[in-house]
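Presented below is the structure to which this report refers.
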Amino acid sequence: MNRWTREEITGSKEADEKVYFDDGVVRVTSSLVTIGPPWNKAFSVTAIRSVEYGKNQAGTFLRSIIHLMMLFFVCLGMLGVMVGSIFLGVFGFIMGLGLWWGKGKVEAPFAVRIRTGGILEDEILSTKDERWAEAVAEAILSALRDASGPGDGGQETRSNLILPSSGMMRN
2 MNRWTREEIT GSKEADEKVY FDDGVVRVTS SLVTIGPPWN KAFSVTAIRS VEYGKNQAGT
62 FLRSIIHLMM LFFVCLGMLG VMVGSIFLGV FGFIMGLGLW WGKGKVEAPF AVRIRTGGIL
122 EDEILSTKDE RWAEAVAEAI LSALRDASGP GDGGQETRSN LILPSSGMMR N
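Letter by letter, the sequence shown follows residues 2 to 172 in my numbering.
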């Protein structure tokens with residue numbers, strides 16, 4: 002049985018890997034961004050297109066829909082009282098108050114968004130600590146800058162595009 006070391010396969014030692022950030026859950030190295038439990042995901046630094054941090058926008062659309070429904074039911078309750086329907090008034094007010102009470106707050110007001118391609122390929126890490134979000138984003142940005150290498154003007158590294166010959170292409 003043959004065994005190879007990482008150095009023999011990749012041509013480099015693991016010690017060459019620079020660690021930019023490691024808090025036990027998120028680890029950013031010069032080639033890989035790993036997110037630990039419960040997500041257990043890993044991203045190659047060269048696959049990451051951009052990273053940003055700031056206010057958590059997750060669920061904003063849903064919260065606006067709930068606010069509109071709440072306004073609708075409160076107006077329905079007021080209309081019910083105005084036309085003399087006690088049942089409609091009570092129903093509207095109870096539904097409006099129920100939606101207001103259950104609308105919820107954002108538990109983690111800050112987020113780091115790692116963009117790897119399309120809309121569905123984004124990874125969002127939510128947190129209560131803005132400094133943590135900033136530190137993770139800065140670490141990933143540093144890894145991206147170092148991965149682009151000197152001399153190529155900070156451009157993203159991408160693989161070469163191979164096109165099929167014109168005989169294989171359809172009209």
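Just so it is clear, CB atoms sit at the ideal spot from N, CA and C, and this is done for glycine as well.
Computed from a prediction, not measured in an experiment: that's the story for all the values here.
Exercise for the section: Name the one or two DSSP bridge partners that residue 1 has. Expected result: A query on residue 1 cannot be resolved here, the shown segment of the chain reaching from 2 to 172 and no further.
Handout entry: Beta carbon of residue 134 nearer than 7 Å to that of residue 111
Key = In contact: residue 134 and residue 111 (Cβ atoms closer than 7 Å).
Problem - Span of the beta strand (DSSP E) around residue 23 - result: Here the beta strand (DSSP E) through residue 23 covers 20 to 23.
Problem - Proximity to residue 125 [Cα-Cα], best of 57, 30 and 79 - result: The shortest C-alpha separation from residue 125 is found at 57.
Handout entry: For residue 23, the nearest candidate out of 147, 149, 141 and 145 (CA to CA)
Key = Of 147, 149, 141 and 145, the residue nearest in Cα terms is 141.
Handout entry: Rounded Cβ spacing between residue 47 and residue 109 (contact assumed at less than 8 Å)
Key = Contact between residue 47 and residue 109 does not hold, since their C-beta atoms are separated by about 28 Å, which reaches or exceeds 8 Å.
Handout entry: Residue range of the alpha helix (DSSP H) that includes residue 131
Key = For residue 131, the enclosing alpha helix (DSSP H) covers residues 131 to 149.
Practice task
Determine the DSSP secondary structure at residue 172, reduced to helix, strand or coil.
Solution key: For residue 172, the predicted model reports a pLDDT of 47, less than 50, meaning its position is unreliable and no value from the coordinates is stated.
Problem - DSSP state of residue 82 mapped onto helix, strand, coil - result: Three-state result, residue 82: helix.
Practice task
Please say whether residue 44 and residue 34 have beta carbons closer to each other than 7 Å?
Solution key: Against a cut-off of 7 Å, the Cβ pair of residue 44 and residue 34 comes out as a contact.
Practice task
Have a look at 18, 116, 21 and 20 and flag the residue whose alpha-carbon is nearest the alpha-carbon of residue 50.
Solution key: Among 18, 116, 21 and 20, the Cα nearest to that of residue 50 is on 116.
Exercise for the section: Could you tell me if the beta carbon of residue 127 falls within a distance shorter than 6 Å of some heavy atom in the ligand ADP? Expected result: With respect to the ligand ADP, the structure offers nothing, as it holds no ligand at all.
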